[in-house]
Amino acid sequence: MNRLSTSLSAAALVLAGLALSAEDFQPLMKATQATWPEKRHIGVICNYRANESQVWALAKAAGEGSLITVVDARTADQSSAAAYLLANQKADYLVLMPGDHHFRDGSFAATVAVNRLASRGVPAIGTMPSALKQGAVFCVGDGTEGQILVTDRLIGTVDVILPDPAKASEKASLVLRREGMATVSVRVAE
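The numbering of the sequence shown is this note's numbering, which starts it at 205 and goes up by one.
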């Protein structure tokens with residue numbers, strides 16, 4: 205019995221730690237919705253299994269009526285294919301998951317994907333200042349201490365209105381819905 209309670213306690217601590225480490229996407233989504241109210245299709249490239257809680261945190265922050273297309277990419281080599289898939293799915297913008305192994309703010313694979321999408325007119329946004337260096341148009345989140353940071357140089361042919369930091373505080377897919385949250389569609393990168 206003691207061994208069982210110890211195991212359950214350890215599991216509870218691990219789950220609590222996972223919940224606490226989830227990014228708060230509320231500031232990012234508020235800035236995005238204030239800047240681009242008509243853009244409701246969010247693209248994400250990440251290892252879905254490893255970032256599922258982050259994706260659902262984003263879905264909660266995006267709210268009902270939004271669509272999140274997740275390209276489940278497990279290796280850095282899939283960056284071009286993932287970007288191509290998101291562009292063909294007509295994502296309005298890309299959000300990077302801060303904890304992803306290959307496609308996080310500032311990573312090489314994410315930089316490749318951001319540049320490929322920017323050349324097709326799809327902007328990227330992030331939660332860390334390093335996202336700006338790789339081509340994101342703005343970032344706000346835990347990594348920016350709640351401040352909106354806006355790029356001073358755009359790449360590609362992105363046609364967007366940037367937020368004002370002074371004013372802002374084909375393959376089978378899995379489609380998941382939860383009340384009050386964005387719909388999540390998961391596709392596999394090849």
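Ideal Cβ positions, reconstructed from N, Cα and C, are used throughout, including at glycine.
- As DSSP reads the structure, residue 334 sits in no beta bridge.
- Taken in chain order, the complete beta strand (DSSP E) segments of 3 or more residues contained in the region 214 to 291 are 245 to 250 and 271 to 276.
- Taking C-beta separations shorter than 6 Å and ignoring five residues to either side along the sequence, the partners of residue 276 in its chain run 252, 390 and 392, following chain order.
- Between the alpha carbons of residue 235 and residue 318 lies a gap of roughly 19 Å.
- If you look at residue 324, you'll find it isn't in any beta strand (DSSP E); DSSP assigns it neither H nor E.
- With a cut-off of 8 Å on Cβ pairs, the region 285 to 297 is in contact with the region 238 to 257, counting three or more such pairs.
- Look at residue 387 here: in three-state DSSP terms it is strand.
- For residue 344, there is no enclosing beta strand (DSSP E), as DSSP gives it neither H nor E.
- Residue 334 and residue 303 have their C-alpha atoms spaced approximately 13 Å apart.
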